[in-house]
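Peer 1: Dumping the structure here so I can ask a few things about it.
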Amino acid sequence: MQKHVDDRLRLDEIVDPAVLRASFNAIAEKHGGASSEARQELLAEAKRVNIEGRARARAMLSEDGGGTLCAQRICHLQDVITDALYDYASIHVYRVENPLVSEHMTVTAVGGYGRGTLAPGSDIDLLFVLPYKKTPWTEQVVEWILYILWDMGLKVGHATRNVDECIRLSRSDMTIRTAILEARFLCGAQALFDDLSERFEKEVVEGTGPEFIAAKLHERDERHRKAGDTRYLVEPNVKEGKGGLRDLNTLFWIAKYFYHIRDTKELVGLGVLSRREFNLFEKAEDFLWAVRCHMHFLTGKSEERLSFDIQRDIAAGLGYQDHPGLSAVERFMKHYFLVAKDVGDLTRIFCAGLEDQQAKQAPGLTGAISRFANRPRKIPGTLDFLEDKGRINLADADVFKRDPVNIIRLFHLADIRGLEFHPDALKRVTRSLRLINADLRNDEEANRLFMSILTSRRTPAIILRRMNEAGVLGKFMPEFGKIVAMMQFNMYHHYTVDEHLIRTVSVLSGIDKGEDSREHPLASKLFPGIEEREVLYVAAFLHDIAKGRPEDHSIAGAKVARKVCPRLGLSANQTELVAWLIEEHLTMSMVAQSRDLNDRKTITDFAEKVRSLERLKMLLVLSVCDIRAVGPGVWNGWKGQLLRTLYYETELMLSGGFSEVSRKQRAAQSLEALSEGLADWDEVDRTAYLKLHYEPYLLAVPIEEQLRHAHFIRDADKDGKRLATMVRTNAFHAITEITLLSPDHPRLLSVVTGACAAAGANIADAQVFTTSDGRALDTILINRELPDDEDELRRAASIGRMIEDVLAGKAHIPEVIARKTRGKRKNRHFTVKPQVNLSNALSNKFTVIEIECLDRSGLLSEVASVLSDLSLDIASAHITTFGEKVVDTFYVRDLVGQKITNENRQNNIAARLKAVLAKEEDEVRDRMPPGMIAPHGTRRGRAPA
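Here is the structure:
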């Protein structure tokens, strides 16, 4: 995108060409141009000028914020250095008094350098153009220039070709064709460059516009696919990602090739872009260049991904400030995504004009026949819309002016008829957004059509995404407009809020159509029986609508729903149901993942909140969709299993089927079932084994698991093993289970969890039990990592061996964890305020301790160790990770089996835990004695009733 010289550039402050040339000439006079001393001094001078020039460009970027100006300044610096080096080489090192024609060349900038813009870490792409074949002189000059540039530490891409080779390769290689399209004369023989330009235009460009356009658009689509095919990834690629600089480059390449222009400003005169759209183009380009230049300066390399660890610094560099509900970095990233969206708008508008221009230029009779054969036809039932080769278009330019409801109707017709969108239709939508006003928002027909789109049995998410990209969603529903392009600065959410909501609808639609029955069997089974289908779709679409506000987004979102739903045609009862779903949309997943589902109080409390089976069904489905839409890898089968368990237990209670049999009776029934399952055992062995387990174990563990544990313990006893582990994996649940049998010890859970951390295993859940003979029977559930069962079992077995080695004193946890995590600080750019909450209301038998803090290796082991120091008996631990944040819940009692009710002791527990979470204590000391196998000690599992 070549620019006219701008007074704001202040190029002389970057480098003065005359001063640099004089400096180089002085070096040649002092040492002799070709001497090694001259080369060393010249290299040092070139380095100094380059470093100081870039430092000035960085200071000027901070001063005026001009991204494009910064890229042009760095480009000017490189131009001056390259020109001076060429002069020095051709005059002082390889001087030819009477050069032959073959001893001429031109040094040409290509690629981004050819466009006249360079980021601090960009490659320097040079094309040395020769009149004929290479000569010793041209080879020597090229080599001398390149080695100086390389020794300066620059990344230089280069090619040396004659004009014929440039033309021939341009015809067959689209990358080379694009490079020469952007070629810019630097120094050398101007006539040679002019010859290349003229021949390239006549012999390559002429008549090949459609071929070039198709190749570039295909290249763009492939690039988007590799980058994630969405402009709403929270760590976007500023150069290659959707809505990034490369998309603007592509528009310019096509414009220059097809319209034969040299500056994007000329597109306004051609009617392809309006003046406003051209200004948008320049603003988008300038912003993206500012971000990219800041990234390169900050990292000291060609960093193109706007990752979490630099987003805060870039936001600060660009002057963003915190606002209520949104931090500075979130405001910066929202601006980034809005700019990326603008780039998408410009792409659609540009492609519409391009397609129209190509149709007009179709040659003679062939073009007329083609246009007749493919003539758009009216869509039945409407006079305002046409079907054009499988795409919906407008019958005339005034369709939206005559009836603004047609803006919504366009998307509705596309949905019900399965049509793509003609670029011209979307261009006119973008240019007609001012027609979406209060009258249209309150129009009954417009809202009916929107509800039809949202609850469509086809592909509602695709239509909603098109509406969002065109700017319609945010205008038609201003509440949605507030969260368009909003990101949340954390590792849990992979997409912007608006993209997350649309993806939630997409997951819901898949369940609705029965496409996800294998992955979500319960949700798929329940959905056909849900009476308020529309309510569920609206709740999915609105559940995070109030993100970015100071108030809790669930509560604020319920208020928004009460305002929006009547407008959408929902009744008062439906509106209240949507509001309730939004207010509670996090409740089921949090209870399932962070509470003991074997504790009846958990189920009772949750059932009191839900109150009806219909609401339970809807909340289950919404929870599944919400988690699935967060991002790849967030959902797994274990979370699904926890949700199903909570659903079934609550369903029993709501339907009156929850057992009223006393705990003692249920434990006796369980023991009887275990006895029957061991009927083939020797009577003495069976009687002895049935005395091993306490009531909590018999009530919490399913009979199939009890039988598996029985054989595991018997086999360990036969082999004389004091330590034994058993592993199994479940691909559907995406979980691997490690069962440990060990002499009991107060710090056993701390040791086990530390060993898992040392082995790199992420713990999802933990249950601990103690047998009557003083042994621990613990079950640790870790997240599955490997797709193949055999590989995963081998991994689990190695973790089991690590646990055994640590317990036997063969491995030292702090040392192993330190070795594993050395140099890894993946969460250093996030902050999570440590919180500790103790509650005696969440369980009838246990005090529930919930901690929240920044995740780190070995955290669970440290916390468990502190709880042991405090003489607390851990019954179960539930680990929930949200990206960089962890929420861990521990069900504990004191050593005599009572809740922690003393206020002073509660405060002491909270203070000790906060110190560990905040790392305010000394580094975690080695609390594990060298040999962990000890005589029977204090039980840290469930005590007898």
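Count along the sequence shown from 1, then add 1074; that gives the number in this note's numbering.
Quick reminder that beta carbons are idealized off the backbone N, C-alpha and C, glycines included.
Which of the three DSSP states is assigned to T1180 in this structure?
Peer 2: In this structure, T1180 counts as strand in the three-state DSSP scheme.
Peer 1: I'd like the ranges of any alpha helix (DSSP H) spanning at least 4 consecutive residues and lying wholly in the segment 1346-1389.
Peer 2: Whole alpha helix (DSSP H) segments, 4+ residues: 1349-1373.
Peer 1: Leaving out five residues before and five after M1075 in sequence, what residues of the same chain have Cβ atoms less than 6 Å from its Cβ?
Peer 2: With a pLDDT of 40 at M1075, under the threshold of 50, the modelled position of this residue cannot be trusted; read the value that follows with caution. Taken in chain order, the residues that qualify are R1189, F1326, T1338.
Peer 1: Could you check whether D1199 and G1227 sit closer than 8 Å to each other, using their CB atoms as the reference points?
Peer 2: In this structure, D1199 does not lie closer than 8 Å to G1227 by Cβ.
Peer 1: For the structure I just gave you, are there three or more beta carbon pairs, one from the segment 1527-1540 and one from the segment 1549-1561, closer than 8 Å?
Peer 2: No, the segment 1527-1540 is not in contact with the segment 1549-1561.
Peer 1: From what residue to what residue does the alpha helix (DSSP H) around S1580 run?
Peer 2: From DSSP, the alpha helix (DSSP H) with S1580 extends over 1571-1586.
Peer 1: Quick one: give me the first and last residue of the beta strand (DSSP E) that Q2076 is part of.
Peer 2: With the chain represented from 1075 up to 2019, any question about residue 2076 goes unanswered, as that position is not in the structure.
Peer 1: When you measure from the CB of R1297 to every non-hydrogen atom of the ligand PLP, does any distance come out below 7 Å?
Peer 2: As far as ligands go, the structure on display features none, and thus does not contain the ligand PLP.
Peer 1: Who pairs with N1467 in a beta bridge, going by DSSP?
Peer 2: Looking at the DSSP assignment, N1467 forms a beta bridge with L1460.
Peer 1: Are there 16 or more other CB atoms within 10 angstroms of the CB of H1785, so buried, or fewer, so exposed?
Peer 2: Classification for H1785: exposed.
Peer 1: Determine the DSSP secondary structure at A1092, reduced to helix, strand or coil.
Peer 2: In the structure shown, A1092 sits in a helix (DSSP, three-state: H, G or I).
Peer 1: Work out the CA separation of V1365 and W1224 for me, nearest whole Å.
Peer 2: Straight-line Cα distance between these residues: approximately 26 Å.
Peer 1: Going by DSSP in three states, A1850 sits in which element: helix, strand or coil?
Peer 2: Strand.
Peer 1: How would you label K1898, buried or exposed, when you count the other beta carbons within 10 angstroms and need 16 or more for buried?
Peer 2: Any answer about K1898 is weak, because its pLDDT of 48 lies below 50 and its placement is not dependable; what the coordinates show is given next. Its Cβ having fewer than 16 others within 10 Å, K1898 is exposed.
Peer 1: Along the chain, where does the alpha helix (DSSP H) containing N1981 start, and where does it finish?
Peer 2: It spans 1977-1991 - the alpha helix (DSSP H) in which N1981 sits, taken as one unbroken run.
Peer 1: Which whole-angstrom value is the C-beta distance of C1240 and V1279, which I expect to be below 8 Å?
Peer 2: About 13 Å; that fails the 8 Å criterion.
Peer 1: Could you work out which residue in T1504, V1775, E1725 is closest to L1748 when comparing CA atoms only?
Peer 2: L1748 has its Cα closest to that of V1775, out of T1504, V1775, E1725.
Peer 1: Between D1962 and the rest of its own chain, which residues show a CB-CB distance below 6 Å, the 5 nearest in sequence each way excluded?
Peer 2: Excluding positions up to five away in sequence, the list reads I1925, I1953.
Peer 1: Starting from the N-terminal side, write out each stretch of the beta strand (DSSP E) that is 3 residues or longer and does not extend beyond the segment 1160-1242.
Peer 2: Whole beta strand (DSSP E) segments, 3+ residues: 1180-1183, 1198-1204, 1230-1236.
Peer 1: Is F1267 helix, strand or coil when you go by DSSP?
Peer 2: F1267: helix per DSSP, three-state reduction.
Peer 1: Quick check on this structure: which residue in K1792, L1726, S1945, L1764 has the alpha carbon closest to the alpha carbon of Q1780?
Peer 2: Of the listed residues, the one whose Cα sits closest to Q1780 is L1764.
Peer 1: Measuring straight from C-alpha to C-alpha, what distance separates L1969 and K1738?
Peer 2: For L1969 and K1738, the distance between alpha carbons rounds to 22 Å.
Peer 1: Does the separation of the CB atoms of L1260 and D1157 fall below 8 Å?
Peer 2: Yes, they are a contact pair.
Peer 1: Using CA coordinates, which residue listed in E1351, T1810, Q1114, P1820 is at the minimum distance from L1322?
Peer 2: When each option's Cα is compared against that of L1322, the closest is E1351.
Peer 1: Between F1424 and the rest of its own chain, which residues show a CB-CB distance below 6 Å, the 5 nearest in sequence each way excluded?
Peer 2: Answer for F1424: L1325, listed in chain order.
Peer 1: When the distance is taken between beta carbons, is A1535 closer than 8 Å to I1055?
Peer 2: As displayed, the chain neither begins before 1075 nor continues past 2019, which places residue 1055 out of reach and without an answer.
Peer 1: Note down the Cα distance separating A1414 from Y1771, rounded to an integer number of angstroms.
Peer 2: The straight-line gap from Cα to Cα measures roughly 56 Å.
Peer 1: Under 8 Å by Cβ, that's how I've got I1809 and G1711 pegged, so tell me the actual separation to the nearest angstrom.
Peer 2: The pair is a contact, with the Cβ atoms about 7 Å apart (cut-off 8 Å).
Peer 1: Any idea what DSSP makes of I1925, helix, strand or coil?
Peer 2: It is a strand residue.
Peer 1: Tell me, which residues are paired with C1261 by DSSP?
Peer 2: Per DSSP, V1181.
Peer 1: Tell me whether D1295 sits in a helix, a strand or coil according to DSSP, three-state version.
Peer 2: Reduced to three states, the DSSP call for D1295 is helix.
Peer 1: Between the C-alpha atoms of V1093 and G1317, what's the straight-line distance to the nearest angstrom?
Peer 2: Those two C-alpha atoms are separated by around 41 Å.
Peer 1: Tell whether a beta-carbon distance below 8 Å holds between V1184 and A1288.
Peer 2: Not in contact: V1184 and A1288 (Cβ atoms no closer than 8 Å).
Peer 1: P1817 lies in the beta strand (DSSP E); which residues open and close that run?
Peer 2: Where P1817 is concerned, the enclosing beta strand (DSSP E) stretches over 1809-1817.
Peer 1: Does the separation of the CB atoms of A1681 and L1717 fall below 8 Å?
Peer 2: Contact flag unset, no.
Peer 1: With DSSP as the reference, please indicate the residues paired to E1494 in a beta bridge.
Peer 2: Looking at the DSSP assignment, E1494 forms a beta bridge with R1465.
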